[in-house]
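Number of protein chains: 2
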Amino acid sequence: MIQTPKNIAIVGSGLVGSLLAIYLRKLGHQITVYDRRPDIRKVAFSGRSINLAMSDRGWNALREVGVEEVIKELGIPMDKRAIHLVGEPEYYQKYGKEKEAIWSISRGVLNRRMIDLAEEDGAIFRFEEKVWDIDLAEATIYTGESDKGKWDAYKHDIVFGCDGAFSRVRHKMQRRSRFDYSQDFIDVGYKELTIPANEDGTHKLDKYSFHIWPRGKFMFIAMPNLDGSFTCTLFLPFEGEISFENLTTKDEVKEFFNTYFPSISQIIEDVTLDFFKNPTSAMVTMKCFPWTYWNKVALVGDSAHAVVPFYGQGMNAGFEDIYELNKIIAKHGDDWETIFQTYQTERKPNADAIAELSYRNFMEMSSKTADANFILQKKIEKHFSLKHPEKWLPVYSRVTFSDRPYVEALALGDAQEEIMAHIMKMPNIEEIWNSEVVENKILDLISKSENL
Amino acid sequence: MIQTPKNIAIVGSGLVGSLLAIYLRKLGHQITVYDRRPDIRKVAFSGRSINLAMSDRGWNALREVGVEEVIKELGIPMDKRAIHLVGEPEYYQKYGKEKEAIWSISRGVLNRRMIDLAEEDGAIFRFEEKVWDIDLAEATIYTGESDKGKWDAYKHDIVFGCDGAFSRVRHKMQRRSRFDYSQDFIDVGYKELTIPANEDGTHKLDKYSFHIWPRGKFMFIAMPNLDGSFTCTLFLPFEGEISFENLTTKDEVKEFFNTYFPSISQIIEDVTLDFFKNPTSAMVTMKCFPWTYWNKVALVGDSAHAVVPFYGQGMNAGFEDIYELNKIIAKHGDDWETIFQTYQTERKPNADAIAELSYRNFMEMSSKTADANFILQKKIEKHFSLKHPEKWLPVYSRVTFSDRPYVEALALGDAQEEIMAHIMKMPNIEEIWNSEVVENKILDLISKSENL
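Going line by line, the protein sequences match chains A and B.
Just so we're aligned, residue 43 is where the first sequence starts under this note's numbering, counting upward by one.
Just so we're aligned, residue 43 is where the second sequence starts under this note's numbering, counting upward by one.
Put into structure tokens, the structure is as follows:
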């Protein structure tokens, strides 16, 4: 289908905004990207980001516009988890089959490169341009120094809101009637910390692993950077016995790490430096609908669907939005109303599905890991999956190493849960968990299930 | 407990704002009520309100501050439903026991009187004072002609947000981290219409009834006014075969009423006048948390919990907020932080419960009334309840004619649903529904239930 070049505004120069700029430039549109923040290429990173794990969906979207290889140079493939328990040597879990890996990439490094690429393709970036209002019907955005000062008006044909979980563009849509919206915070916060490189620039932990120190209601993770360092995240409840609220002095923080993460205390010289320098951040699930306004405005990425980070799919889902949107554009040419309708109708159920999967992973991590039944169930699933890999694809693999819709992964997970609910009710399951009786029962239930 | 007089702002001069002003004046506080709209006593009503049904919770709250009797003069008790089916004479369903009734009151008439009463008690009302911003920590509100114009600052000790489902006060709280929020619109809209009085000032339908014309996915209701008229509401899907979207011409509207509501066509001279004059409005369930900010700001009524109107409890729930808040104030004196904490902790689950009950009533109305199983179930419940009134209190009665917490009413409803799920699975239930076997089975299940 023919595309008439449009004068398009993208609000937000983050990962999704930059990639969308690249896609739309390739279609011949005139692109202006507005961002209220300074050019990320000229300032230090914020110290509040979790390293990204690029998986298949993200790579697909990058490959489509020919930038997969240049971005791969910024990342490190992690083909396994490294699990660190207290007082035990670390052990490894392969993610999947040969060559299946997720890629650790620094958000800042990636974002800088993506903006470079979009600029090379001809997108115009206007940094420190604060958007305060949007006339949805006119696709006009208003920017200025302050909310109350003088505003400049920029008229466009189409506006894309790629301005994240607290989107200004969505904010404007939200004030209209019949706009469904929800934001739900979890009671766990996170803080970025850094494990520095060795003096010779090498990594202090295995470079090709996603490192996890699970501790029930809290955990610490580390992901490798090219410079030999690891970007780490401490996930910890805001309130309660062991919580951010109760870590207010240097001594308390040192004691906390010495007790629960002694191996980290050994490789970070003074863990309290980052701890008090970096902010404690909150995590939210945000859902809304509609995502579009007539043929004028559309939300893409976190502005349409923010998820908690426990599946590592936030950016991947946003990139997949663009990949799918591009396919829809190819079908409907200049009919932007149909493009936007189709886009939101097709993507919304998948966004809801990855939100649900991400939240479930958080619940598993924070409340089920100490539950004996849950541990047994996971053991049975793994045992069965090893014997019948073609009959029991882990949901994680379906989400991470596949481009099948998220809704299918959720349905797969539900079907497996249903089967396991039956299995866990079998008499003496604690003793017979690895028996043929259980194996055959699972096989039988699988044969009766519609989603497996 | 002693109360030190505070300088308190109430944002919103609606029903909840005015009643709260009366309560707080009685405790000796200095009260200023701000409202962006003109004085409702000096302008015509909006033509978009559903008449109110004051029930026990509302009366309790009015009685506590001695205004029950003056308000009762504005209302008409409705002790029964009048059901109007096409081609059948209307029939009546008593609401409850002797003297149990809900009271029809015009929102505008009630609001005017409540403002008078609050003013008599010494509350100051500042109308057409548009609140644009609130400094939560300082309890300072900013008002002005326009969002971008010059603002005046008013410093208070405490600010109450009683400014409804689209509250400005909440809007400010919502921008803080860890504020949970959701708004969910239903796909049914409503429109106000009026059945005028007879020429001699009498009512055209039975005056002491809540009139309902149920038609499956849509319905028409009428509630009496003192002047002989009825304030009516048409509930109808926004889109679909029979919908507001498809009623765009006078002929279509006339045809619609002639077909589905012939009796109304007869008593409203020209139904199309109101239909095209009055707006079509949307309905939303709004939930949020927290409701308070330290000892400075609290949300009361719809600003904290807006519900769909199908249980007639929106205003009653808001009035009960105030009644309960007053009890908490009596306990904790000047400790406003504890007062606000206790208030939100105690009220939030009840607000969620009435939201759920209201939504379920909508679902029953819009999708289950044509379901044969559902009709049979309701018939069995009614049959049993008449035989054993002490063992099967309808949830409606628990909500409407009681001051027990909404959470208990929801639990009662859930327990009854569970029992009926068993009953509906009994073989040949269609034939044995009024048999002793079923009766005994229900009695047996009740004896085993914890919530009955």
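Note that beta-carbon positions come from the ideal geometry of N, C-alpha and C, so glycine has one too.
Annotation for Pro279 (chain B): the continuous beta strand (DSSP E) segment containing it runs Phe272 to Pro279. Within 7 Å of the CB of Ala165 (chain A), no CB atom of chain B is found; the nearest one sits about 30 Å away. Flagged as an interface residue toward chain A: Tyr223 (chain B), by a C-beta distance shorter than 7 Å. Counting only residues of its own chain and dropping the five nearest sequence neighbours on each side, Leu289 (chain B) has a CB closer than 7 Å to the CB of Val295 and Phe298.
For Glu234 (chain B), the secondary structure class from DSSP, reduced to helix, strand or coil, is strand.
Scanning its chain for C-beta atoms nearer than 6 Å, with the 5 sequence neighbours on each side dropped, one finds around Asn358 (chain B) the residues Ser97, Arg99 and Gly100, in chain order. Interface annotation, Arg257 (chain B): not in contact with chain A, CB-CB separation never under 7 Å. No Cβ of chain B is located within less than 7 Å of the beta carbon of Arg154 (chain A). Any Cβ of chain A closer than 7 Å to the Cβ of Phe227 (chain B) would place that residue at the interface, and such an atom is present.
Runs of the beta strand (DSSP E) spanning 3 or more residues and lying entirely within the segment 81–144 of chain B occur at 94–96, 118–120, 122–125 and 133–136, in chain order. The DSSP-derived three-state label of Gly186 (chain A) is strand.
By the Cβ neighbour-count rule, His430 (chain A) is exposed, with fewer than 16 other Cβ atoms within 10 Å of its own. Residue-level contact by beta carbon holds for Ala324 (chain A) and chain B, with a gap shorter than 7 Å. Taken through DSSP and simplified to helix, strand or coil, Asn49 (chain B) comes out as strand. Bridge partners of Leu341 (chain B) according to DSSP: B:Gly203. The alpha carbon of Ile461 (chain B) has as its nearest neighbour, out of B:Glu423, B:Gln308 and B:Pro469, the alpha carbon of B:Glu423. For Lys190 (chain B), the residues of chain A that pass the 9 Å Cβ criterion are Asp189, Lys190, Gly191 and Trp193, in the order they occur in the chain. With respect to the 7 Å criterion, Lys233 (chain B) and Asn240 (chain B) are not classified as neighbours on the basis of their beta carbons. Ser146 (chain B) sits in a strand when the DSSP states are folded into three classes. For secondary structure counted as the beta strand (DSSP E) over 3 or more consecutive residues, the segment 323–393 of chain B holds these complete runs in sequence order: 326–331 and 339–341. Straight-line measurement puts the Cα of Ile371 (chain B) at about 10 Å from the Cα of Ile364 (chain B). Within its own chain, the residues whose Cβ lies closer than 6 Å to the Cβ of Ile92 (chain A), once the five positions on either side in sequence are excluded, are Thr275 and Pro351, listed in chain order. A residue is called buried when at least 16 other Cβ atoms come within 10 angstroms of its Cβ; Pro304 (chain B) does not meet this threshold and is exposed. Residue contact check for Arg78 (chain B) against chain A: no CB pair falls below 7 Å.
DSSP places Met468 (chain A) outside both helix and strand once states are collapsed to three, so it counts as coil. In the structure shown, the three-state DSSP call for Phe318 (chain B) is helix. Judged by DSSP secondary structure, Met261 (chain A) falls within the beta strand (DSSP E) whose first and last residues are Met261 to Pro266.
Taking the Cα of Phe443 (chain B) as reference, the smallest distance to any Cα among B:Leu116, B:Leu127 and B:Lys139 is reached at B:Lys139.
By the Cβ neighbour-count rule, His464 (chain A) is exposed, with fewer than 16 other Cβ atoms within 10 Å of its own. Residue environment for Ile44 (chain B): exposed (fewer than 16 other C-beta atoms within 10 angstroms of its C-beta). The beta carbon of Arg218 (chain B) sits no closer than 7 Å to any beta carbon of chain A. Taking C-beta separations shorter than 6 Å and ignoring five residues to either side along the sequence, His213 (chain B) has no partners in its chain. Three or more Cβ pairs closer than 8 Å define a contact, and the segment 202–222 of chain B meets that threshold against the segment 57–67 of chain B. The Cβ atoms of Gly360 (chain A) and Val58 (chain A) sit closer than 7 Å to each other. Here the segment 128–137 of chain B does not lie against the segment 309–324 of chain B, with fewer than 3 beta-carbon pairs under 8 Å apart.
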